[in-house]
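Visitor:
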Amino acid sequence: MSKDVLLNDAIHFKEVRCVGDGGEQFGIISSVEALKIAHSQGLDLVLISASAKPPVCKVMDYGKFCYQSEKKQKEAKKKQKQIEIKEIKLSTQIAQNDINYKVKHAREFIEAGKHVKFKVVLRGRENNDPKAGLAVLQKVGEMMSDIANADKEPKMEGRFVMWLFVPQKK
């Protein structure tokens, strides 16, 4: 699991609160005595909380503990939902029928549960005044408003003006 966990002989405290693997309490005992208890059961002594007064140690099978925690992490990773973002590029000189065509594709992506990012590319002098890019995104926003929610406001990033749309909650 993590390499900074103190095990067995590396634990050097005068007294520790010792807890068994099944939840049984051994009480506050010396670390040497706790280590003897762990060895007598064929298990490891693991430092759980060094900052507690007195420090807390647990008698457990450390290899099994690491295996189970890795298994839990893998299971949690499987259950995570990956968000896919589709990007659609536009220009400031785009015709209305081209906007309609690109919005049609964006609507298909939204219906499939994906997020859609519209990106207007600014070229040359358009960088000085991005109002043309914002105007194109406003047209797109009006066309997407019935099926998707705009995530924040359009933003400038370098030579692009971007706006992210997410599917509406059902």
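Numbering-wise (my numbering), the sequence shown opens with residue 3 and increments by one.
Glycine included, each C-beta is placed from N, C-alpha and C at the ideal position.
Can you list, in chain order, the residues of its chain whose CB lies under 6 Å from that of Phe15, leaving out five sequence neighbours each side?
Guide: The residues are Ser33, Pro57.
Visitor: Between Gly165 and Ser147, what straight-line distance do the alpha-carbon atoms span, to the nearest angstrom?
Guide: Before going on, a small fix: residue 165 reads as Trp here, not Gly. Trp165 and Ser147: Cα-Cα distance of roughly 13 Å.
Visitor: Quick check: the stretch 79-91 against the stretch 38-55, are at least 3 beta-carbon pairs closer than 8 Å?
Guide: The stretch 38-55 vs the stretch 79-91: no contact.
Visitor: What residue from Lys157, Lys141, Arg109 has the CA that sits closest to Pro132's CA?
Guide: For the residues Lys157, Lys141, Arg109, the minimum Cα distance to Pro132 belongs to Lys157.
Visitor: Anyone know if the C-beta pair for Asp153 and Val163 falls short of 7 Å?
Guide: No. Outside cutoff.
Visitor: Note the first and the last residue of the continuous beta strand (DSSP E) segment covering Arg109.
Guide: Careful: Arg109 lies outside any beta strand (DSSP E), inside the alpha helix (DSSP H) at 98-113.
Visitor: Can you check DSSP and say which residues form a bridge with Glu89?
Guide: Paired residue(s): Lys119.
Visitor: Can you list, in chain order, the residues of its chain with a C-beta nearer than 7 Å to that of Ile112? Leave out the 5 residues immediately preceding and following it.
Guide: Only Val118, Ile149, Ala150, Phe167, Pro169 meet the Cβ criterion.
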